[in-house]
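*Asks:* One structure coming up, written as structure tokens, with questions to follow.
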Amino acid sequence: MQVDGVAMRPLRARPGRDAIEVIDQRALPHRLVVERLRSVAEVERAIREMWVRGAPLIGATAAYGLALQAGADAGDSALGEAARRLGAARPTAVNLGWAVRRMMSRLLAVPPAQRRDAAWQEADAIADEDVAVNAAIGRHGLPLIEAVAARRPGPVHVLTHCNAGWLATVDWGTATSPIYRAHAAGIPVHVWVDETRPRNQGASLTAWELAQAGVPHTVIADNAGGHLMQHGRVDLVIVGCDRVTARGDVCNKIGTYLKALAARDNGVPFFVAMPTSTLDPTLHDGVAEVPIEERSPREVTHLAGRAADGAVVEVQLVPDGTAAANPAFDVTPARLVSGLITEHGIVAASASALLAIAARDGAGT
Ligand code: MRU
Numbered sequence: 417m418q419v420d421g422v423a424m425r426p427l428r429a430r431p432g433r434d435a436i437e438v439i440d441q442r443a444l445p446h447r448l449v450v451e452r453l454r455s456v457a458e459v460e461r462a463i464r465e466m467w468v469r470g471a472p473l474i475g476a477t478a479a480y481g482l483a484l485q486a487g488a489d490a491g492d493s494a495l496g497e498a499a500r501r502l503g504a505a506r507p508t509a510v511n512l513g514w515a516v517r518r519m520m521s522r523l524l525a526v527p528p529a530q531r532r533d534a535a536w537q538e539a540d541a542i543a544d545e546d547v548a549v550n551a552a553i554g555r556h557g558l559p560l561i562e563a564v565a566a567r568r569p570g571p572v573h574v575l576t577h578c579n580a581g582w583l584a585t586v587d588w589g590t591a592t593s594p595i596y597r598a599h600a601a602g603i604p605v606h607v608w609v610d611e612t613r614p615r616n617q618g619a620s621l622t623a624w625e626l627a628q629a630g631v632p633h634t635v636i637a638d639n640a641g642g643h644l645m646q647h648g649r650v651d652l653v654i655v656g657c658d659r660v661t662a663r664g665d666v667c668n669k670i671g672t673y674l675k676a677l678a679a680r681d682n683g684v685p686f687f688v689a690m691p692t693s694t695l696d697p698t699l700h701d702g703v704a705e706v707p708i709e710e711r712s713p714r715e716v717t718h719l720a721g722r723a724a725d726g727a728v729v730e731v732q733l734v735p736d737g738t739a740a741a742n743p744a745f746d747v748t749p750a751r752l753v754s755g756l757i758t759e760h761g762i763v764a765a766s767a768s769a770l771l772a773i774a775a776r777d778g779a780g781t
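This is the structure in structure tokens:
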């Protein structure tokens with residue numbers, strides 16, 4: 417996608433294969449900062465501290481982390497330790513483990529002397545495939561928006577939660593991909609952007625992305641979605657996902673479940689954009705089985721933003737000493753999901769549909 421008219425991605429390999437460059441997403445929307453990462457330790461830190469975030473992007477970044485490791489020491493034990501560290505950097509998004517397993521099975525199959533080249537090739541393949549997958553999600557999701565536009569005049573109002581945009585992937589985004597396609601096709605589309613407390617990925621990242629692309633959008637407080645749906649002001653919900661179980665339960669950013677409940681109560685279609693790398697066929701009951709990341713309470717008790725003088729400052733929101741809890745994801749049961757927009761088309765959030773997808777792609781292997 418474009419930033420100030422210049423093509424940009426949140427992750428790219430340096431031509432010399434000695435480092436990768438990532439957008440430090442903590443600085444957005446106030447500053448565009450690109451950081452160079454040269455070692456697996458730096459990559460692990462960038463994932464853990466959310467310089468890069470979003471399920472597909474952390475998978476691709478970890479893949480390059482293993483490529484950097486293979487350039488430093490490609491022995492079995494060094495690679496195994498790097499894989500363990502990267503895989504543990506964040507617990508919920510299954511793409512991280514998927515990418516690490518894919519890299520390791522490719523690397524351990526060749527002699528150490530060939531592993532550096534093999535690692536960069538495989539990481540490039542993961543990144544390139546992510547772009548193609550997200551482009552396909554856009555193609556398959558577009559008819560959902562077209563159908564609303566065909567029914568009545570005026571903009572199609574899509575609500576999204578968190579950032580499942582190009583910043584969360586290598587390009588296009590998942591939930592935003594059909595939106596970008598609709599906009600490019602001249603369909604009037606307007607996006608309700610949930611601010612997504614506590615880290616505000618909607619307000620900081622999705623709003624920035626949509627502004628760069630010229631897509632009309634409005635940031636709303638997380639609690640506003642139900643009210644807007646009751647008043648017929650949301651045509652469609654499209655969100656991303658961090659892990660989808662074999663029976664179609666969807667784990668995504670905290671607050672997604674409440675949007676799905678409100679959508680069901682108001683007859684608003686609730687779609688989830690799902691690259692098959694986000695399918696985890698080893699789990700069934702999402703509420704019971706998906707590991708939910710608990711992040712620092714400080715993300716709840718404090719807020720960062722730009723002051724009038726331009727400086728980015730952090731302020732405390734709560735009385736001194738207040739306890740806070742910060743579960744970062746929740747699970748939306750399959751029964752609340754209207755469909756999963758995958759790179760192969762829209763499928764039901766059901767065991768039989770997902771079994772067919774898993775068999776086709778070898779997901780979770
Ligand atoms: O904690 P984050 O910012 O990594 O969470 C991101 C999300 O929950 C996204 O919706 C999800 O990863 C899908 S990204 C295409």
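Take the position in the sequence shown, starting the count at 1, then add 416; the result is the number in the numbering used here. We put the beta carbon where it would ideally sit given N, CA and C, even for glycine. All values derive from a computational prediction rather than experimental measurement.
According to DSSP, is Gln732 part of a helix, a strand, or is it coil?
*Replies:* Stepping through the sequence shown from its first residue, residue 732 is reached at position 316. Three-state result, Gln732: strand.
*Asks:* Got a sec, what are the start and stop residues for the beta strand (DSSP E) Trp608 sits in?
*Replies:* Walking along the sequence shown from the start, residue 608 turns up at place 192. Its beta strand (DSSP E) spans residues 605-610.
*Asks:* If I measure Cβ to Cβ from Met690 and keep anything under 6 Å in the same chain, skipping five residues before and after, which residues do I get?
*Replies:* Here residue 690 refers to the residue found at position 274 when the sequence shown is read from its first residue. So the list reads Cys657, Val660, Leu756, Thr758, once near-sequence residues are dropped.
*Asks:* Gly421: which of His556, Ala627, Ala488 sits nearest, CA to CA?
*Replies:* For the purposes of this step, residue 421 is taken as residue 5 along the sequence shown, with counting starting at 1. The shortest Cα separation from Gly421 among His556, Ala627, Ala488 belongs to Ala627.
*Asks:* Just reading off the alpha helix (DSSP H) that Gly475 is part of, what are its end residues?
*Replies:* Translated into the one-based positions of the sequence shown, residue 475 becomes position 59. Unbroken alpha helix (DSSP H) run through Gly475: 471-488.
*Asks:* Which of the three DSSP states, helix, strand or coil, is assigned to Thr692?
*Replies:* As a first step, residue 692 must be located in the sequence shown, where it is residue number 276. The answer is helix: DSSP assigns Thr692 an H, G or I state.
*Asks:* Buried or exposed: which applies to Val655, given that a residue is buried once 16 or more other Cβ atoms fall within 10 Å of its Cβ?
*Replies:* Here residue 655 refers to the residue found at position 239 when the sequence shown is read from its first residue. Answer is buried; the Cβ neighbour count reaches 16.
*Asks:* Would Ala476 and Ala515 be called neighbours here (beta carbons separated by less than 8 Å)?
*Replies:* Residue numbering aside, residue 476 sits at position 60 when the sequence shown is read from its first letter. Residue numbering aside, residue 515 sits at position 99 when the sequence shown is read from its first letter. A contact, by the Cβ cut-off of 8 Å.
*Asks:* Taking the Cβ atom as the reference point for each residue, do Tyr480 and Ala525 lie within a distance shorter than 8 Å?
*Replies:* Here residue 480 refers to the residue found at position 64 when the sequence shown is read from its first residue. Here residue 525 refers to the residue found at position 109 when the sequence shown is read from its first residue. No, they are not a contact pair.
*Asks:* Counting along the chain, where does the beta strand (DSSP E) carrying His573 start and finish?
*Replies:* Translated into positions along the sequence shown, residue 573 becomes position 157. Element bounds for His573: 572-576.
*Asks:* To which residues does DSSP link Val635 through a beta bridge?
*Replies:* Translated into positions along the sequence shown, residue 635 becomes position 219. For Val635, which the question treats as bridged, DSSP gives the partners Val609.
*Asks:* Confirm, please, whether the CB-CB distance from Thr576 to Val607 is below 8 Å.
*Replies:* By one-based count along the sequence shown, residue 607 stands at place 191. By one-based count along the sequence shown, residue 576 stands at place 160. The answer is yes: Cβ separation under 8 Å.
*Asks:* Would a C-beta distance cut-off of 8 Å place Val459 and Pro426 closer than the cut-off?
*Replies:* As a working mapping, residue 459 is identified with position 43 in the sequence shown. As a working mapping, residue 426 is identified with position 10 in the sequence shown. Cβ atoms of Val459 and Pro426: not closer than 8 Å.
*Asks:* CB-CB under 6 Å to Ala772, same chain, minus the five flanking residues each way: which ones, in chain order?
*Replies:* Locating residue 772 in the sequence shown gives position 356, counting from the first residue. Nothing meets the Cβ criterion.
*Asks:* Short of 6 Å in beta carbon distance, which residues of its chain neighbour Asp651, apart from the five on each side in sequence? Order them along the chain.
*Replies:* Reading the sequence shown from its first residue, position 235 is the one you call residue 651. If we look at Asp651 and ignore the five residues flanking it on each side, its Cβ neighbours are Val564, Val572, His573.
*Asks:* Report the rounded CA-to-CA distance for Thr781 versus Gly503, giving the unit in angstroms.
*Replies:* Counting from one through the sequence shown, the residue named residue 781 turns up at place 365. Counting from one through the sequence shown, the residue named residue 503 turns up at place 87. Low confidence applies here, because Thr781 scores a pLDDT of 49, under 50, leaving its location unreliable; read the following figure in that light. Cα-Cα distance, rounded: 15 Å.
*Asks:* Ile436 lies in the beta strand (DSSP E); which residues open and close that run?
*Replies:* Position 20 of the sequence shown, counted from the first residue, corresponds to residue 436. Ile436 -> beta strand (DSSP E) spans 436-439.
*Asks:* Could you tell me which residues DSSP puts in a beta bridge with Asn668?
*Replies:* Counted from its first residue, the sequence shown places residue 668 at position 252. Paired residue(s): Asp746.
*Asks:* Apart from the five residues on each side of it in sequence, which residues of its chain come closer than 6 Å, Cβ to Cβ, to Ala551?
*Replies:* The residue you call residue 551 lines up with position 135 of the sequence shown. Once the five neighbours on either side are set aside, the close Cβ partners of Ala551 are Trp588.
*Asks:* Where do the ends of the alpha helix (DSSP H) carrying Glu465 lie?
*Replies:* By 1-based counting over the sequence shown, the position of residue 465 is 49. No alpha helix (DSSP H) holds Glu465; DSSP gives it neither H nor E.
*Asks:* Check whether the region 704-720 touches the region 672-691, counting contact only when three or more Cβ pairs, one atom from each stretch, lie closer than 8 Å.
*Replies:* Output reads no: the region 672-691 does not touch the region 704-720.
*Asks:* Just the C-alpha distance for Pro507 and Gly648, rounded to the nearest angstrom, thanks.
*Replies:* Position 91 of the sequence shown holds residue 507. Position 232 of the sequence shown holds residue 648. Between Pro507 and Gly648, the C-alpha separation is close to 37 Å.
*Asks:* With respect to the alpha helix (DSSP H) encompassing Ala775, which residues constitute its N-terminal and C-terminal limits?
*Replies:* Your numbering for residue 775 matches position 359 in the sequence shown. Ala775 -> alpha helix (DSSP H) spans 767-777.
*Asks:* Quick one: what's Val753 bridged to in DSSP?
*Replies:* Numbered from its first residue, the sequence shown carries residue 753 at position 337. For Val753, which the question treats as bridged, DSSP gives no partner whatsoever.
*Asks:* How many Å lie between Arg714 and Ala566 at the Cα?
*Replies:* For the purposes of this step, residue 714 is taken as residue 298 along the sequence shown, with counting starting at 1. For the purposes of this step, residue 566 is taken as residue 150 along the sequence shown, with counting starting at 1. Arg714 and Ala566: Cα-Cα distance of roughly 46 Å.
*Asks:* Leaving out five residues on either side along the sequence, give the residues of the same chain with a beta carbon under 8 Å from the beta carbon of Ala598.
*Replies:* As a working mapping, residue 598 is identified with position 182 in the sequence shown. Once the five neighbours on either side are set aside, the close Cβ partners of Ala598 are Leu558, Ile561, Glu562, Ala565, Val572, Val605.
*Asks:* I want to know whether the region 681-700 touches the region 736-756 - three or more CB-CB distances under 8 Å.
*Replies:* Yes, since at least three Cβ pairs between the region 681-700 and the region 736-756 fall closer than 8 Å, the two stretches touch.
*Asks:* In its own chain, which residues sit with a C-beta less than 7 Å from the C-beta of Ala535, not counting the 5 before and 5 after it?
*Replies:* Residue mapping note: residue 535 aligns to position 119 of the sequence shown, counting from 1. Closer than 7 Å at the Cβ level, and outside the excluded window around Ala535, lie Leu482, Ala483, Ala486, Met519, Leu523.
*Asks:* Give the DSSP bridge partners of Ile762, in chain order.
*Replies:* In the sequence shown, the residue the question calls residue 762 occupies position 346. According to DSSP, which records beta bridges pairwise, Ile762 is partnered with Ile757.
*Asks:* So is Gly671 buried or exposed if we call it buried at 16+ other beta carbons inside 10 Å?
*Replies:* The residue labelled residue 671 in the question sits at position 255 within the sequence shown. Under this definition Gly671 is a buried residue.
*Asks:* Output the distance between the C-alpha atoms of Thr738 and Ala744, rounded to the nearest integer angstrom.
*Replies:* The count along the sequence shown starts at 1 and reaches residue 738 at position 322. The count along the sequence shown starts at 1 and reaches residue 744 at position 328. Using only the alpha carbons, I get a separation of about 19 Å.
*Asks:* Sort out for me which residues DSSP pairs Arg428 with in a bridge.
*Replies:* Translated into the one-based positions of the sequence shown, residue 428 becomes position 12. The partner list for Arg428 (beta bridge, DSSP) reads Glu437.
*Asks:* Is Lys675 a contact residue of the ligand MRU, with contact defined as CB to any heavy atom under 7 Å?
*Replies:* Indexing the sequence shown from 1 puts residue 675 at position 259. No, the Cβ of Lys675 stays beyond 7 Å of every heavy atom of the ligand MRU.
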